[in-house]
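Chains as they are written, first to last, in my numbering: chain A, 253 to 588; chain B, 37 to 503.
Quick reminder that beta carbons are idealized off the backbone N, C-alpha and C, glycines included.
First up is the structure itself, then whatever we jot down about it.
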Amino acid sequence: MTLVQFWFLLIAVVWTGFFVLEGFDLGVGMLHGVLGQDDAGRRAAINTIGPLWDGNEVWLIVAAAAMFAAFPGWYATMFSGFYLALVLLLAALIARGISFEYRGKRDTASWRRTFDGLLTGGSVLVPLLIGVALGDLLHGLPINASQEYTGSFWNLLQPYGLYTGITLVAICVVHGATFIALKSVGDLSVRGANLATRGAPVAGIVLLGWVIWTHAIAGKGVLPNPVEVIAVLALFAGAWLIHDGRQGWAFAATTVAMALTVLSIFSELYPRVMISSTSSAYNLTIHNTASPGYTLKVMTVIVAIFLPVVLAYTAWTYYVFRRRISVTDIRAHSGE
Amino acid sequence: MDKLDLARWQFAATSINHFFFVPVTIGLAFLTALLQTAWYRNGKPEYLRLVRFFGVLLVINIAVGVVTGLVQEFQFGMSWSAYSRLVGNIFGAPLAMEGLVAFFLESTFLGLWIFGWDKLPRGLHLATIWLVSAGSLLSALFILAANSWMQHPVGYKMVHGKPQLNDIWAVMTNPVFLWGYTHVVLDSIVTGCVVMLAVSAWQLRKGSASKEIFRHSARLSIGLLVPVLAVDMLVGSELGVIEGRYQPMKIAAAEAQWQTCQPCSFSMFQIGGGNNDHTPTQIIEIPHLLSLLATNSWNGKVVGLTPLQNQYSAKYGPGNYVPNVFVQYWAMRVMAYTASLVFLLGLWGLWLMWRRKSLANSRWFLFLATWFVIAPFLINTAGWLLTESGRQPWVVQGIMLTKNGVSPSVTTTDLWISVVGFGLIYTAIALLDAVLMVRYGRRELAPAPSEGTAEAGQQVRVPSVLY
């Protein structure tokens, strides 16, 4: 494997890490209002991801920054081409991020409702918009010979891109509901489990549709490859496992589904990074957008040293906060 | 306004806004870690109460720093894609390192600190706040390394007209970076000290029930403020000399010095001035001071803007290479004068502390110390204007002009939408942050958690904070 290939793989892995980790806290953000029946319930749902969401979001920053360093041409074309979509994405991330901290800072119902709304809306928009963007990369966008995007905002909203976004939102919902089931007790956990049981097969069918559509675009027959089959089956398995009360295994299943879906997007792309609908000669590839070897070498050394450290303390954090959150704890804490 | 103006306004406004919160985070994280270390060592519950109190302010701030930082990470590619494409292989590297080395550390351990009070042993929990502080300091390190490369590019070779990184060590030992980073770190600690002092002074002035306890934080912040600011001003002065060496336009413009001088005097104020007025009325001129500030020597020579402009035109082709002189002149003075006032306030505080009991009783001092909370924000903003506006018209000194860095595919309409959108969002969150900071800064100190009163060294269970 060349360094350029290694960096493409690494970026695919970082995006996968983002969707696997942030994926469940996005799901929790979307569902906290639905699953938490009162304020204490909503707070319990939010607190299942309380110590985790901020670290999870760093995967997105690292994904963007790694693209900037390793494939500046890709970063430049994609981020300027998706300009307005990214403005919207940033607005959603801001709304979500401040909701966590500020929701509890005033004790009035309207204040909390405002931030509940921002958290829910932001959490839906983030995977939707990123999904649309990833779908667009695969489907192709008007790009000229000098690697510049020549379309407008409306070119980004093509059916395949939108469907990719919806697919990722659906998996995030199931992933998040399973996480709530796993990390809470009592009613909240049951409601999370019920939603995951019903939602996972739907997400599985949506994902199957995405797989078929993706194959149709690539013109290589509709039969899914083994990775895609496992991703779809993992969602059905998740539904069965959670119904059976095996929440840890169910969460493992939704993790597998999420990871394989995101990896499929990147393996479909390879060795291209952005497809030009103007002419395939203008495709952006890992080769015509990559940084020179020296930069990649330096970055590889940094990654080799620090990524294991990051993974170790991230795993330790999940171990420290392994205990389930109960609505009773929340009530006791706020003195109700 | 055209595309370039809009893109520049947006970048300037979002960066300045982001840097309202960053130094508070760096400074307060460090101070909170100090307070918690004090509690760890002496076990006195009043220190725990202070940690929890200032910890809330820290967390309110970090939230905004994090979300506005996301915008920073994205907008190089969004609005400045030509720039990103050209220098991504150099500039992108420290940014990626920042994410991997600093952001993960800061975010993960912040979560552990906020939610880990009752889950981690005391020593380990203390370590988490120090790692948050370390993460914030590392983050500044990498972004300053990247920024310094724009001021003074090093460690690269030109290949087919494009810069390519060939020496990362040179980038990380760039003199502009070493001095600039030290300056920013010290400045952030000063910012944290002034904020902590202002909150403590307000509490002391209002005679809150926990008056005695806020004297601890007032003394800590004053005791740290004076020496750190003294060193900070010296470092800033040295940074000026170094930038003057690589970016002579920046320093000449900061004095509105159109003609070469030797020795050079420093004017306290001027009337008029700017890029079209080369002969402003300068008031109170201090002989030799500019020579000292710009070159470290009594009779140093400062080359004027007009000869520099001629040199640059000859070297880089026709064009206007003079930065905005009005902004440079006043940014430098607002920064230096306000910092001097903060220093005087600190000295006054030290004197009051030395006279034992009088700190908490000097109403004038407490009143001024509260309002001085505005000062660091003024200093920080002016300092960055001096640095960044002084780099113009270059985005990377000598390599790329700002006007050539803007994204070709982004339209003026796109930029209008984002300028208005970000304008509204940033105003809303800055107001929200300010309101919450004031609200929580004025709260009565929460009582110590009952278990927290245990003797030092004993395992204590302090309840965690929950959202």
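Whose Cβ in chain A lies nearer than 7 Å to the Cβ of residue i?
{"i": "glycine 457/B", "result": "Val339, Ala343"}
{"i": "aspartate 450/B", "result": "Tyr335, Leu336"}
{"i": "glycine 135/B", "result": "Val310, Ile313, Val314, Ala317"}
{"i": "valine 95/B", "result": "Glu353"}
Check this for me: beta carbons of residue i and residue j, under 9 Å apart or not?
{"i": "phenylalanine 260/A", "j": "tyrosine 522/A", "result": "yes"}
{"i": "phenylalanine 573/A", "j": "lysine 155/B", "result": "yes"}
{"i": "phenylalanine 558/A", "j": "leucine 136/B", "result": "yes"}
{"i": "valine 458/A", "j": "threonine 419/A", "result": "yes"}
{"i": "glycine 228/B", "j": "glycine 63/B", "result": "yes"}
{"i": "alanine 132/B", "j": "isoleucine 204/B", "result": "no"}
{"i": "phenylalanine 127/B", "j": "methionine 186/B", "result": "yes"}
{"i": "methionine 526/A", "j": "leucine 408/A", "result": "no"}
{"i": "leucine 141/B", "j": "tryptophan 215/B", "result": "no"}
{"i": "cysteine 300/B", "j": "serine 327/B", "result": "yes"}
{"i": "aspartate 306/A", "j": "serine 143/B", "result": "yes"}
{"i": "valine 514/A", "j": "phenylalanine 271/A", "result": "yes"}
{"i": "methionine 473/B", "j": "isoleucine 415/B", "result": "no"}
{"i": "leucine 106/B", "j": "glutamate 309/A", "result": "yes"}
{"i": "alanine 170/B", "j": "valine 190/B", "result": "no"}
{"i": "isoleucine 643/A", "j": "leucine 502/B", "result": "This structure does not reach residue 643/A, given that chain A is present from 253 up to 588, and the question cannot be answered."}
Looking at the secondary structure, which residues open and close the beta strand (DSSP E) in which residue i lies?
{"i": "leucine 201/B", "result": "198-201"}
{"i": "valine 195/B", "result": "192-195"}
{"i": "serine 303/B", "result": "302-307"}
{"i": "arginine 479/B", "result": "Segment: none, arginine 479/B is in no beta strand (DSSP E) and carries neither H nor E."}
{"i": "arginine 576/A", "result": "Looking at the DSSP string, arginine 576/A is not in any beta strand (DSSP E), and its letter there is neither H nor E."}
{"i": "tryptophan 430/B", "result": "430-432"}
Against chain B, with Cβ distances strictly below 9 Å, would residue i count as a contact?
{"i": "threonine 254/A", "result": "no"}
{"i": "asparagine 540/A", "result": "no"}
{"i": "valine 555/A", "result": "yes"}
{"i": "glutamate 309/A", "result": "yes"}
{"i": "glutamine 257/A", "result": "no"}
{"i": "glutamate 588/A", "result": "Any reading at glutamate 588/A is ruled out, since the residue's pLDDT is 46, under 50, leaving its predicted position unreliable."}
{"i": "glutamate 274/A", "result": "no"}
{"i": "valine 426/A", "result": "no"}
{"i": "glycine 302/A", "result": "yes"}
{"i": "glutamine 399/A", "result": "yes"}
{"i": "arginine 576/A", "result": "no"}
{"i": "asparagine 407/A", "result": "no"}
{"i": "threonine 419/A", "result": "no"}
{"i": "lysine 435/A", "result": "no"}
Identify the continuous alpha helix (DSSP H) that holds residue i and give its terminal residues.
{"i": "tyrosine 83/B", "result": "81-115"}
{"i": "glutamine 289/A", "result": "Looking at the DSSP string, glutamine 289/A is not in any alpha helix (DSSP H), and its letter there is neither H nor E."}
{"i": "lysine 351/B", "result": "341-352"}
{"i": "isoleucine 469/A", "result": "438-470"}
{"i": "isoleucine 319/B", "result": "Per DSSP, isoleucine 319/B belongs to no alpha helix (DSSP H); it is in the beta strand (DSSP E), 317-322."}
{"i": "methionine 208/B", "result": "204-208"}
{"i": "arginine 524/A", "result": "First-last for arginine 524/A: 524-526, but that is the beta strand (DSSP E), not the alpha helix (DSSP H)."}
{"i": "valine 168/B", "result": "158-187"}
{"i": "tryptophan 153/B", "result": "Looking at the DSSP string, tryptophan 153/B is not in any alpha helix (DSSP H), and its letter there is neither H nor E."}
{"i": "lysine 242/B", "result": "It is not in any alpha helix (DSSP H) - lysine 242/B carries neither H nor E in the DSSP assignment."}
Against chain A, does residue i count as a neighbour if the rule is that its beta carbon must be under 9 Å from one of theirs?
{"i": "alanine 118/B", "result": "yes"}
{"i": "threonine 489/B", "result": "A caution first: threonine 489/B carries a pLDDT of 44, below 50, which makes its placement in the model unreliable, though a value can still be read off. Threonine 489/B does not count as touching chain A."}
{"i": "serine 115/B", "result": "yes"}
{"i": "glutamine 495/B", "result": "Legend: pLDDT at glutamine 495/B = 47, less than 50; position of this residue unreliable, value from coordinates given subsequently. No - not a single Cβ of chain A is within 9 Å of the one on glutamine 495/B."}
{"i": "isoleucine 150/B", "result": "yes"}
{"i": "proline 444/B", "result": "yes"}
{"i": "lysine 155/B", "result": "yes"}
{"i": "glycine 91/B", "result": "no"}
Report the neighbours of residue i on chain B: residues whose CB is nearer than 7 Å to its CB, in chain order.
{"i": "tyrosine 565/A", "result": "Thr144"}
{"i": "proline 324/A", "result": "Ser120, Arg121, Gly124, Asn125, Gly128"}
Could you name the residues of chain A that residue i contacts, counting a contact when the two beta carbons are closer than 8 Å?
{"i": "serine 454/B", "result": "Tyr335, Leu336, Val339"}
What does residue i reach in chain B if we use C-beta pairs closer than 8 Å?
{"i": "serine 375/A", "result": "Ordered by position in chain B, no residue passes the 8 Å Cβ test against serine 375/A, which lies about 14 Å from the chain."}
Taking C-beta pairs closer than 9 Å, name the residues in chain B that residue i reaches, listed in chain order.
{"i": "valine 280/A", "result": "Neighbours of valine 280/A on chain B: none; closest Cβ ~12 Å, over 9 Å."}
task: Note down, in chain order, all residues in the region 357-371 of chain A with a beta-carbon under 8 Å from any beta-carbon belonging to chain B.
output: Per Cβ criterion, the list reads Lys357.
query: Taking Cβ-Cβ distances below 9 Å as the criterion, which residues of the region 63-88 of chain B are in contact with chain A?
result: Result list empty, no residue passes.
- prompt: Which of the residues in the region 175-205 of chain B, read from start to end, lie with their CB under 7 Å from any CB of chain A?
  reply: Correct list: Gln200, Leu201, Asn202, Ile204.
field: Interfacial residues, the region 523-548 of chain A to chain B, with Cβ spacing under 7 Å
entry: Correct list: Ser543, Pro544, Tyr546, Thr547.
task: Output, in sequence order along the chain, the residues in the region 98-111 of chain B whose CB is closer than 9 Å to any CB in chain A.
output: Ile98, Ala99, Val100, Val102, Val103, Thr104, Gly105, Leu106, Val107, Glu109, Phe110, Gln111
message: Please identify, using Cβ separations under 8 Å, the residues of the region 227-261 of chain B that lie next to chain A, in order along the chain.
response: none
field: Interface residues of the region 458-477 of chain B facing chain A [CB-CB below 7 Å]
entry: Going along the region 458-477 of chain B in chain order, one finds Ile461, Ile465, Leu468, Leu472 with a Cβ nearer than 7 Å to chain A.
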